[in-house]
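Worksheet: one structure, shown below.
Number of protein chains: 2
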Amino acid sequence: MAAADVALQYERIKKLAKADLRDSAITEAIREATRHGLDFLLTQAGTASLESDVPGKTYSSFELMGKLSRPINQALFDHETCLSALPVLGTEALTDMASEQITSVLYTTAMAFCATNDLLKRADQKTPGTYFEYMIGHLFARQFGVNPKTSIEVLNLDETANIPTDFVFDTGVNQAKFHVPVKISTRERVIQVWAHQRIIDGVYGAGRFKGLLVTLTETKLDRQSLRVIEICLPQQWKVYQRFVARLERVYYLDVPTKYAALASGYPAIAVKPFGDFFAEKDQLLA
Amino acid sequence: MAAADVALQYERIKKLAKADLRDSAITEAIREATRHGLDFLLTQAGTASLESDVPGKTYSSFELMGKLSRPINQALFDHETCLSALPVLGTEALTDMASEQITSVLYTTAMAFCATNDLLKRADQKTPGTYFEYMIGHLFARQFGVNPKTSIEVLNLDETANIPTDFVFDTGVNQAKFHVPVKISTRERVIQVWAHQRIIDGVYGAGRFKGLLVTLTETKLDRQSLRVIEICLPQQWKVYQRFVARLERVYYLDVPTKYAALASGYPAIAVKPFGDFFAEKDQLLA
Numbered sequence: 001m002a003a004a005d006v007a008l009q010y011e012r013i014k015k016l017a018k019a020d021l022r023d024s025a026i027t028e029a030i031r032e033a034t035r036h037g038l039d040f041l042l043t044q045a046g047t048a049s050l051e052s053d054v055p056g057k058t059y060s061s062f063e064l065m066g067k068l069s070r071p072i073n074q075a076l077f078d079h080e081t082c083l084s085a086l087p088v089l090g091t092e093a094l095t096d097m098a099s100e101q102i103t104s105v106l107y108t109t110a111m112a113f114c115a116t117n118d119l120l121k122r123a124d125q126k127t128p129g130t131y132f133e134y135m136i137g138h139l140f141a142r143q144f145g146v147n148p149k150t151s152i153e154v155l156n157l158d159e160t161a162n163i164p165t166d167f168v169f170d171t172g173v174n175q176a177k178f179h180v181p182v183k184i185s186t187r188e189r190v191i192q193v194w195a196h197q198r199i200i201d202g203v204y205g206a207g208r209f210k211g212l213l214v215t216l217t218e219t220k221l222d223r224q225s226l227r228v229i230e231i232c233l234p235q236q237w238k239v240y241q242r243f244v245a246r247l248e249r250v251y252y253l254d255v256p257t258k259y260a261a262l263a264s265g266y267p268a269i270a271v272k273p274f275g276d277f278f279a280e281k282d283q284l285l286a
Numbered sequence: 287m288a289a290a291d292v293a294l295q296y297e298r299i300k301k302l303a304k305a306d307l308r309d310s311a312i313t314e315a316i317r318e319a320t321r322h323g324l325d326f327l328l329t330q331a332g333t334a335s336l337e338s339d340v341p342g343k344t345y346s347s348f349e350l351m352g353k354l355s356r357p358i359n360q361a362l363f364d365h366e367t368c369l370s371a372l373p374v375l376g377t378e379a380l381t382d383m384a385s386e387q388i389t390s391v392l393y394t395t396a397m398a399f400c401a402t403n404d405l406l407k408r409a410d411q412k413t414p415g416t417y418f419e420y421m422i423g424h425l426f427a428r429q430f431g432v433n434p435k436t437s438i439e440v441l442n443l444d445e446t447a448n449i450p451t452d453f454v455f456d457t458g459v460n461q462a463k464f465h466v467p468v469k470i471s472t473r474e475r476v477i478q479v480w481a482h483q484r485i486i487d488g489v490y491g492a493g494r495f496k497g498l499l500v501t502l503t504e505t506k507l508d509r510q511s512l513r514v515i516e517i518c519l520p521q522q523w524k525v526y527q528r529f530v531a532r533l534e535r536v537y538y539l540d541v542p543t544k545y546a547a548l549a550s551g552y553p554a555i556a557v558k559p560f561g562d563f564f565a566e567k568d569q570l571l572a
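Going line by line, the protein sequences match chains A and B. Final position of the first sequence in the working numbering is 286; the numbers increase by one with none missing. Final position of the second sequence in the working numbering is 572; the numbers increase by one with none missing.
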């Protein structure tokens, strides 16, 4: 059964990631999970149209026995393009695709897993979050050619201390270094991302690690009214960017318009579609 | 029924707090909730002894029809002292009591409500948190003689912005000001407290608002093994205090030994029993 294969690939990725997040076997497992997920969603689930309160965006949910998946952005979810692009996932050839196409392929890849999990599990927020973290972490590990760490050493003279962090990538001596938090959505907890950036700035000096936040979406489905909203707090983000720390980029697979607008104004926050990363990677590495 | 009266007082407090958190009617409602809660717990619930993995502390739970309350610290929970002290709660006379006694009375007051709610509601984390916030907020509002705000204005030249915060108390022109986050327990989200302090420091200047974090306990009950542990991350707190912002005090009703030890070492974090606040209030106001 397609759905069981999705869960199987998840377990495989978890195991492989512990040893080496760059492993091409993880790419293969993501491809398999995506194929099986799409197969399940398109042949065994139905679709329910949703009312969108997000200007300019249309959403629907997959549906199985009265259960709804998270909202799926119709313009971004494209199973045909995704399936045909899967062979280049995790390879250098991905970088040759247009930004919009990469974003759409990766959105579909992420949603193939998340929506399948939504339909088969009950109130499981953790598995989609972990999968998305592995998926994005793997792409960065492939692009940077190094494995991330998930803690940093803090000098304290009198004792040693290691602080757990999201992914941190060190691409080499005198090379760029990155702090890469990965979130399914940010909601009210996002201040943690800026606070961690501040700590890393404090330990290594401001700017030593560039902060790249990667987020799937900010949509929320009201399951009574079947309305989709986007939860955005742009004023608060400005305050975090101004008083806590500076993030270099905020990448989304489904970019909220209100956050994209933060690219202008003070202090600017460069919020972009995740596909853009692959074109500007060299600039960020410089 | 005693238990229903507890819920009734909670609703009353919520309503009164909106108008004036200093209102002596809130003191009266807290007294009533405590009396009814203790009556319910002592006459209608049983007790279950728990294995304590916390050195030097003994815990038990109240029990009703197979349901267990959160762990109760036996040395701090004292219904007789609490009932006899209730008449001075919220008055200046509370300050005349010894610190240990105040801590015990307030611990018992908080637990009378929380344990009652644990036994009667299913998986309700929100109500105890809100009650505790009102209870502590009320005591501060009485002590400082002013109502707190829960947002601060941030100047941005081009637009106005208000950032939601925990309680902030402004005791007057050229007087001390306080940032008072109130938490049932801190867990991994506590970095938010330091990050908010950083924002407030950024807006008003470092030291303008003294940060006083007030927490009930850090205990966690494993419901399978009936063991109680305390979840503490002292190394992380040191890093927050060093790189994010400085908190002036961290008050607990059930002080974790590992956090109390942070009072020495670098950077020092003054973690104390909440009863101490009433004796050092004038020093903090200076």
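The beta-carbon is built from N, C-alpha and C at its ideal position, and this holds for glycine as well.
The three-state reading of DSSP puts residue 183/A in strand, counting E and B together. Between residue 250/A and residue 284/A, the C-beta spacing is not below 8 Å. Per DSSP, reduced to three states, the secondary structure at residue 265/A is coil, with no helix or strand assignment. Comparing C-alpha distances from residue 108/A to each of 223/A, 271/A, 216/A and 225/A shows the shortest one belongs to 216/A. Residue 496/B holds the alpha-carbon nearest to the alpha-carbon of residue 484/B among 496/B, 309/B and 294/B. 346/B is the residue among 361/B, 346/B, 362/B and 446/B whose C-alpha sits nearest the C-alpha of residue 355/B.
For residue 215/A, the uninterrupted beta strand (DSSP E) segment begins and ends at 209 to 215. Selection 334/B, 427/B and 552/B evaluated against residue 161/A yields 552/B as nearest (Cα-Cα).
In the DSSP annotation of this structure, the continuous segment of the alpha helix (DSSP H) that includes residue 198/A starts and ends at 191 to 204.
Shown here for residue 50/A: same chain residues with a beta carbon closer than 8 Å to its own, the five before and five after excluded, namely 59, 60, 61, 71, 221, 226, 227 and 228 in chain order. When Cβ-Cβ separations below 8 Å define contact, residue 204/A makes no contact with chain B. Taking a 10 Å sphere around the C-beta of residue 459/B, we find fewer than 16 other C-beta atoms and assign the residue as exposed. For residue 194/A, the C-beta contacts it makes with chain B under 8 Å involve 481, in order along the chain. With fewer than 16 other beta carbons inside 10 angstroms of its own, residue 15/A counts as exposed.
Taking 8 Å as the CB threshold, residue 266/A lines the interface with chain B. If the five residues before and after residue 288/B are omitted, its C-beta is found closer than 6 Å to the C-beta atoms of 322, 325 and 326, all from its own chain and listed in chain order.
If the five residues before and after residue 363/B are omitted, its C-beta is found closer than 7 Å to the C-beta atoms of 393, 394 and 397, all from its own chain and listed in chain order. Along the segment 231 to 244 of chain A, the positions whose C-beta sits under 8 Å from a C-beta of chain B are 235, 236, 238, 239, 240, 242, 243 and 244, read in chain order. When DSSP reads this structure, residue 347/B sits in a beta bridge with 334/B. Membership of residue 127/A in the alpha helix (DSSP H) is indicated by the continuous run 126 to 144. Here residue 457/B is actually not in contact with residue 376/B; their C-beta atoms are around 18 Å apart, not less than 8 Å. For residue 447/B, the nearest beta carbon of chain A is closer than 8 Å to its own beta carbon. Sixteen is the threshold: since fewer than 16 other Cβ atoms of the shown chains lie within 10 Å of the Cβ of residue 351/B, the residue is exposed. CA-CA distance, residue 32/A to residue 67/A, rounds to 24 Å. Among the residues facing chain A, residue 494/B is not included, as its CB has no counterpart in that chain under 8 Å away.
Residue 485/B reaches chain A at 239, 243 and 244, counting residues in chain order whose Cβ is nearer than 7 Å. No Cβ-Cβ contact shorter than 8 Å links residue 94/A with residue 34/A. Contact check for residue 243/A and residue 488/B: beta-carbon distance about 3 Å, within the 8 Å limit, so the pair qualifies. Put simply, the segment 230 to 237 of chain A does not touch the segment 400 to 411 of chain B. Fewer than three CB pairs are less than 8 Å apart. If you draw a straight line from the Cα of residue 427/B to the Cα of residue 388/B, it comes to about 17 Å. Within chain B, no C-beta atom comes less than 9 Å from the C-beta of residue 269/A; the nearest is roughly 14 Å away.
With respect to chain A, the C-beta atom of residue 466/B has no partner C-beta closer than 8 Å.
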